[in-house]
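First comes the structure, then the notes that go with it.
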Amino acid sequence: MEDREPSRYLIKSLVRASQVISAFHSEDEALRLRDLVTRTGFTKMTCYRLVFTLHQCGLLEKVAENRYRLGFSVRPQRKYTIGYASHGLDASFPKEVEDSLTGAAERARIKLIVVNNRYDGRMGIRNADRLVRERVDLAIVFQADELTAPAIARRFLDAQIPLIAIDIPHPGATYFGADNYRAGLMAGRHLGQWANKYWGGAADEIVLLEVARAGSVPQTRIRGMLVGVQETMRDLDHCRLIHLDGDGAFGRSQECIRAHLRVSKAERILVGAATDPSAIGALRAFEEAGRLTHCAVVGQNADREGRAEIRKANTTFIGSVAFFPESYGDGVIRLALDILARKPTPPAVFMRHQLITRDNVDHVYPNDSLLGI
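Sequential numbering of the sequence shown, starting at 53, is according to my numbering.
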C-alpha cells in the first residue's frame, strides 16, 4: 500500500511537462515540435498542448517558426547575451574560430547565440535582423562579403548594438583578426627566399590568388605578398605577374589554375594564395597537369588542411602563415567585455602571426598527430 501512496498525489500533467523540459539538452538548444515528439515519445497533440502551455507560462521561448528553447536558466544568470554570426563551417578555420569563441563565452558566463551565414551575404543580413530581434547586448560578425558589410553593420548600429567584425572590416565595427599586410609580407618574403635558394633567384611567373569579394583590407594580404617577393627575390626582370580570383576556395582556385596552365608554358611559377584551401586547390591543378615541380605555393591561415599538406614529403606547398584561430575566442570575449563595460578600446585588435613550414610545423603544432593531422 505504501508503494502506491505517491501515485495518489502525482499530477501526471506536471510529470509530462517536466519530460518536455528535460528533452532540452542545453539552455540554448532550439527544438521543433517534431523533435520534442521524438524525444518524449508523446503524441503530436499531447506534445503541442504541453509546449503551448509551457510557452504561455514563460517556461519555453518561441525563437522561430515552430522552434522553442528553455525560457529560464538552470545555471546562474548570465550577465550578457552576445550574438555570433559565423562565416560558415565548411572549412576548418571558421570552425576553429567558432569552437574557440563558444568555449570562451562559456568560461566568461556569457550567453552566446550562434547563427551561420553560410558564406552568403544575404544570409548575413537575415542573421543580423534575427540577432537584433533577439536583443543581444553585442554582436560578433564573421563574413567575407564586402558589399553586404554596410547593410549588416547598419542593422546593429541602428539598434545601438556594439559590433565586432572578425577578419573582414565592417563600417562602425571594432576589427579583430588578421594583420593582413604583415601576414602577406611574411609569406611573400618566404616565396622570394625559396626562389633564391632553389631557382637561382628568378621565376617566370608570380600568380596571386585573391578573394575579390572580401574587399580592400583583406586585399592588402595579397599586396603584402607581392611586396615580400619583390624585396627578397634577386631577379624580377622577366617575371610576369598574374592576378586570379580564387575566392579563397579550393574548387574555384583549382579551376583558375587549370585554366591558366592551359595557356601558360612557364616552368617556374610562384603562387601566393589568400587562404590555405585556395593554395591547396592550386596545388591539385598543378598535379593534374603533371607540373607539380613547376611551382612553389604559400598559403594563409596554416589551418588543419594546410598543415597536413606541408607535412607531405613531395609537396611544393612550402609554407603558410598561421593566424591561430583556436585562440580567437578569448581575445574576442575580452574585447567584447571591455566594450560592454564602456572601457577605452582600440579600433582594431590584431592576432599574432607566424610562418609555418616543414621545419617548424611539428614544434608549433605538436598535438596535430593526436588529431590525425
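Positions of the beta carbon are idealized from the N, C-alpha and C atoms, including for glycine.
Alpha-carbon to alpha-carbon, GLN406 and ARG161
31 angstroms
Buried versus exposed, by CB contacts within 10 Å (16 or more), MET53:
A caution first: MET53 carries a pLDDT of 35, below 50, which makes its placement in the model unreliable, though a value can still be read off. Taking all protein chains shown into account, MET53 has fewer than 16 neighbouring C-beta atoms within 10 Å of its C-beta and is therefore exposed.
I need the boundaries of the beta strand (DSSP E) containing LYS163, first residue and last residue.
163-168
Classify GLN271: buried if its beta carbon has 16 or more other beta carbons within 10 angstroms, exposed otherwise.
buried
Applying the 10 Å Cβ sphere with the 16-neighbour rule, what's the burial state of CYS291?
buried
For the alpha helix (DSSP H) that GLY280 lies in, which residues bound it at each end?
268-284
Take VAL167 and list the residues in its own chain whose beta-carbon comes closer than 8 angstroms to its own, dropping the five residues that flank it on each side.
Counting only Cβ-Cβ distances below 8 angstroms, and skipping sequence neighbours, we find GLY135, TYR136, ALA137, SER138, ASN179, ARG182, LEU183.
Distance, GLU81 Cα to GLU57 Cα
At GLU57 the pLDDT is 48, less than 50, meaning the model places this residue with poor confidence; the figure from the coordinates comes in the next sentence. C-alpha separation (whole angstroms): 37 angstroms.
If you pair each beta-carbon of the stretch 240-253 with each one of the stretch 214-228, do three or more pairs fall below 8 angstroms?
no
Span separating the alpha-carbon of SER379 from that of ALA266
22 angstroms
Cα-Cα separation, PHE376 to TYR233
17 angstroms
Excluding five sequence neighbours on each side, which residues of the same chain lie with their C-beta closer than 7 angstroms to the C-beta of THR92?
GLN71, VAL72, ALA75, CYS99
8 angstroms CB neighbourhood of THR345 in its chain, flanking five on each side removed
THR368
Are the stretch 274-282 and the stretch 383-390 in contact at 8 angstroms, needing three or more beta carbon pairs?
no
Taking only three categories from DSSP, how would you classify ASN412?
coil
Tell me the DSSP secondary structure of GLU262 in three-state form.
strand
If you draw a straight line from the C-alpha of ARG206 to the C-alpha of LYS114, how long is it?
26 angstroms
Assess, as a yes-or-no matter, whether the stretch 277-289 is touched by the stretch 302-313 under the definition of 3 or more beta carbon pairs within less than 8 angstroms.
no
Going by the beta-carbon positions, is the gap between GLY333 and PHE302 smaller than 9 angstroms?
yes
Confirm, please, whether the CB-CB distance from GLU186 to ARG356 is below 9 angstroms.
no
Return the first residue and the last residue of the beta strand (DSSP E) that ARG121 is part of.
In the DSSP assignment, ARG121 falls within the beta strand (DSSP E) that extends over 119-122.
Quick check: ARG286 and GLY324, are their CB atoms within less than 9 angstroms of each other?
no
Extent of the continuous beta strand (DSSP E) to which ARG292 belongs:
292-297
Note the first and the last residue of the continuous beta strand (DSSP E) segment covering SER316.
Run containing SER316: none; DSSP gives neither H nor E here.
I need the DSSP call for GLN406, collapsed to helix, strand or coil.
strand
Cut-off 6 angstroms between Cβ atoms - residues of its own chain near ALA254, not counting five sequence neighbours on either side:
ASP287
Sequence-distant residues of the same chain with beta carbon closer than 7 angstroms to CYS347, five excluded per side
ILE321, VAL323, PHE338, THR368
Could you give the first and the last residue of the continuous beta strand (DSSP E) run that contains LEU322?
321-325
Please state if the CB of SER330 and the CB of ASP289 are separated by a distance shorter than 9 angstroms.
no
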